[in-house]
Amino acid sequence: MYIRWLADLQAALAFLVCDESTSIFQITIELMELTLAFGCHGITKDKDREEILRIHNEYRANLTKGATVIDPNSKKKQDLPAAKNMYELEWDCDLEAKAEDAMNMTCTQAARGKYSTYGHARGLWHLCITYNKPVEEYGVKGVLEKWWIEGVSFDIIERRFDNYHAENFVNIECCQRFGARHARRFHSKSQENDQTGWFRTYFLQRQK
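This is the structure we're talking about:
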């Protein structure tokens, strides 16, 4: 993947440099656009893909040093221990397509049927998160932060917990802290439900 990206980058640079009318500024913009292009064909915009990936990798980088999660409402804090063997996530266009497909199903149909092996807790648990206002008002960061702060719901040091409140966060925490070597790629996506005005978010995790 990197070699192909580098070859494309070199080809683009050679083309732009050969055109004497092209300014350095234009070359920079073209290269930035090439660098950020994911090559996916879903409904998600590249700028949203980049932001989702960046935020998740920032969270993961923080976990390698230990992190403190703070609930913005209750101000409750939870100190997370430092993670080991934490990999940087890559975007997977195939997972994006599957996530969009899953969003057009019911939670039960997707989680316990067609995509039962894609990272659902114990292969049975599922949840469709609903929003009371357009997801654009939350923004990508707002939606992902709501997921992240669930780390304050339980004691992550005490690993005997196995209940609904912990489970909602454990799925990402297990991926990030305990099973990072198996989770190289991640995708999350939101889509409007026209009938209710709510928004559905679907998360898929590919394990190797």
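For the sequence shown, the residue numbers in my numbering are 32 to 239.
Here a beta-carbon is modelled for each residue, glycine too, at the ideal position from N, C-alpha and C.
Being a predicted model, the structure only gives us computed values, none of them experimental.
As assigned by DSSP and simplified to three states, the class of A133: Note: A133 maps to helix in three-state DSSP.
| Is the region 127-137 in contact with the region 69-85, if contact means three or more CB pairs nearer than 8 Å? | yes
Where T139 sits in the DSSP three-state scheme:
Residue state, collapsed to three classes: helix.
From the DSSP output, read off the bridge partner residues of T99. D110
Worksheet item: If we call anything under 7 Å between Cβ atoms a contact, is R80 one with W122?
Response: yes
With distances taken from CA atoms, which of T95, D132, C124 and I83 is nearest N116? T95
Margin query: Within the continuous alpha helix (DSSP H) that includes Y90, where are the two ends?
Written below: D77 to L94
Residues bridged to E176 [DSSP beta-bridge criterion]: Answer by DSSP bridge pairing: none, since E176 is not bridged.
Note to self: Does E121 come out as helix, strand or coil in the three-state DSSP assignment?
What the structure shows: strand
Buried or exposed (CB count within 10 angstroms, at least 16 for buried), I83:
buried
Buried or exposed for A141, please, with buried defined as at least 16 other CB atoms from any protein chain shown within 10 angstroms of its CB.
buried
Checklist entry - What's the call for A113, buried or exposed, on a 16-neighbour Cβ count within 10 Å? => result Answer is exposed; the Cβ neighbour count stays below 16.
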